[in-house]
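Colleague:
There are 2 protein chains.
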Amino acid sequence: MIHDEDFDARAADAALTASRALMGVVARSVAGVLEIVTLPQFRVLVLLDTSGPLRMGVLGEAIGVLPSTLSRAIDRIVEAGWVRRTTRPASRREVLIELTPAGQNLVTHALEQRRDNIAKILSALSLDQKSAIVSAFELFARAAGETSSEELLILGI
Amino acid sequence: MIHDEDFDARAADAALTASRALMGVVARSVAGVLEIVTLPQFRVLVLLDTSGPLRMGVLGEAIGVLPSTLSRAIDRIVEAGWVRRTTRPASRREVLIELTPAGQNLVTHALEQRRDNIAKILSALSLDQKSAIVSAFELFARAAGETSSEELLILGI
DNA sequence: CACAACAATTGCAAGTATACATTTATGGCG
DNA sequence: CGCCATAAATGTATACTTGCAATTGTTGTG
Numbered sequence: 838m839i840h841d842e843d844f845d846a847r848a849a850d851a852a853l854t855a856s857r858a859l860m861g862v863v864a865r866s867v868a869g870v871l872e873i874v875t876l877p878q879f880r881v882l883v884l885l886d887t888s889g890p891l892r893m894g895v896l897g898e899a900i901g902v903l904p905s906t907l908s909r910a911i912d913r914i915v916e917a918g919w920v921r922r923t924t925r926p927a928s929r930r931e932v933l934i935e936l937t938p939a940g941q942n943l944v945t946h947a948l949e950q951r952r953d954n955i956a957k958i959l960s961a962l963s964l965d966q967k968s969a970i971v972s973a974f975e976l977f978a979r980a981a982g983e984t985s986s987e988e989l990l991i992l993g994i
Numbered sequence: 838m839i840h841d842e843d844f845d846a847r848a849a850d851a852a853l854t855a856s857r858a859l860m861g862v863v864a865r866s867v868a869g870v871l872e873i874v875t876l877p878q879f880r881v882l883v884l885l886d887t888s889g890p891l892r893m894g895v896l897g898e899a900i901g902v903l904p905s906t907l908s909r910a911i912d913r914i915v916e917a918g919w920v921r922r923t924t925r926p927a928s929r930r931e932v933l934i935e936l937t938p939a940g941q942n943l944v945t946h947a948l949e950q951r952r953d954n955i956a957k958i959l960s961a962l963s964l965d966q967k968s969a970i971v972s973a974f975e976l977f978a979r980a981a982g983e984t985s986s987e988e989l990l991i992l993g994i
């Protein structure tokens with residue numbers, strides 16, 4: 838039916854427009870951080886924030902870089918003070934990477950800023966409107982299914 | 838009131854979750870492209886797609902890089918065949934950059950894929966649900982206001 | 001016309017990411 | 001214990017981005 842297709846097209850367009858708005862929020866929260874660390878470096882920090890300390894191998898696997906690449910990337914963010922290398926007592930050939938307090942702050946701050954930005958946008962709306970948005974967003978997120986963290990890492994989220 | 842704050846928090850959380858879902862869609866559409874061009878290069882292509890041919894100076898200003906950086910970046914994507922250099926007839930010291938058909942395809946394809954992904958997610962929903970999502974997304978996008986393209990460029994959108 | 005202003009490019013240099021091959025240190029197992 | 005597998009780091013090389021300074025070509029103006 839023509840009408841259904843029209844409606845579907847409008848729905849996708851609305852979602853695209855909303856996605857632009859949401860991405861603007863994300864971009865704002867990332868922009869500041871990217872003046873401090875590079876995107877690949879931020880990916881590492883975000884991953885450590887959500888997963889806790891990780892082995893070099895696991896970390897490299899997760900963000901999709903070779904061990905040699907990761908090793909030198911870690912060199913740099915250790916030097917900058919965002920993470921710490923720890924040899925695991927149980928197996929001394931394994932190296933654990935963990936966020937320093939400074940690294941933790943960096944990630945937390947970016948995420949908080951994002952949340953605040955969204956809250957500020959919503960604050961202009963009535964309770965009914967907020968309620969409608971909550972339901973719709975929850976519905977969409979469910980329909981989209983689990984978003985794999987690997988995908989999100991591409992954009993450093 | 839406590840209840841309002843609780844509700845506001847839930848609203849922001851729902852928006853954050855939805856943003857993660859939408860960002861996943863974006864990330865998928867960008868991931869493929871990033872195996873072909875770098876993020877800064879893709880930023881140039883997206884900007885040319887939305888603004889049409891641009892002078893070197895304007896282009897560099899828009900994406901926030903020095904002229905020397907841009908000049909060499911353009912060298913590479915000219916070499917790769919995504920854009921073309923044109924000297925403007927009116928003022929022969931100005932150089933216009935424009936997408937080649939190949940470059941146009943690259944950007945268009947990424948955007949279409951993003952739209953298709955969203956459409957596919959929505960296709961699982963009932964008409965009522967879609968309708969609710971459309972209204973809510975449109976509402977949110979309006980509340981968020983215009984998202985400047987400079988911000989979006991950060992993420993390569 | 002000569003000279004200043006402008007647009008873009010080029011010279012030079014450093015930082016980062018990435019890849020492939022090799023090396024060092026450690027753990028597991030016959 | 002000796003050997004092989006594993007984990008990480010290093011050696012070496014290339015490509016991209018970025019920055020500052022200097023240069024080339026063009027436009028506009030006194």
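Protein chains in written order, with my numbering: chain A, 838 to 994; chain B, 838 to 994. Cβ coordinates follow ideal geometry from the N, Cα and C atoms, glycine included.
1. Quick one: is S866/B buried, meaning 16 or more other Cβ sit within 10 Å of its Cβ, or exposed?
2. Specify the secondary structure class of I994/A as computed by DSSP and reduced to three states.
3. Against chain B, does I914/A count as a neighbour if the rule is that its beta carbon must be under 7 angstroms from one of theirs?
4. Please give me, in chain order, every unbroken run of the alpha helix (DSSP H) with length at least 4 that falls completely inside the segment 859-941 of chain B.
5. Residues of the segment 848-863 of chain B with a CB closer than 9 angstroms to any CB of chain A: list them in chain order, please.
6. Is it buried or exposed for K957/B, if we count other Cβ within 10 angstroms and need 16 for buried?
7. If I'm right that M893/B touches L882/B with Cβ under 8 angstroms, what's the distance once you round it to whole angstroms?
8. Go through its chain and collect everything with a Cβ distance to G869/A's Cβ below 6 angstroms, but skip five positions before and after it.
9. Under 7 angstroms between C-beta atoms, does E997/A make it to chain B?
10. Would you tell me roughly how many angstroms separate the C-alpha atoms of E935/A and Q941/A, rounded to the nearest one?
11. Within 7 angstroms (strictly less), CB to CB, does V971/B reach chain A?
12. Just curious, the alpha helix (DSSP H) that A972/B is in, first and last residue?
13. Just the C-alpha distance for A849/B and F974/A, rounded to the nearest angstrom, thanks.
Modeller: Quick look at the numbers:
1. So S866/B counts as buried.
2. Per-residue confidence for I994/A stands at a pLDDT of 48, beneath the threshold of 50, marking its modelled position as unreliable; no derived number is given.
3. For I914/A, the nearest beta carbon of chain B is not closer than 7 angstroms to its own beta carbon.
4. 876-888, 893-900 and 904-916
5. A848, A849, D850, A851, A852, L853, T854, A855, S856, R857, A858, L859, M860, G861, V862 and V863
6. exposed
7. With 8 angstroms as the limit, M893/B and L882/B do not qualify as a contact, their Cβ atoms being about 15 angstroms apart.
8. none
9. Residue 997/A lies beyond the stretch modelled for chain A, which goes from 838 to 994, so this question has no answer here.
10. 9 angstroms
11. yes
12. A quick correction: the sequence has Ser, not Ala, at residue 972/B. L964 to A981 is the span of the alpha helix (DSSP H), which, as asked, contains S972/B.
13. Looking at the two C-alpha atoms, the distance is approximately 10 angstroms.
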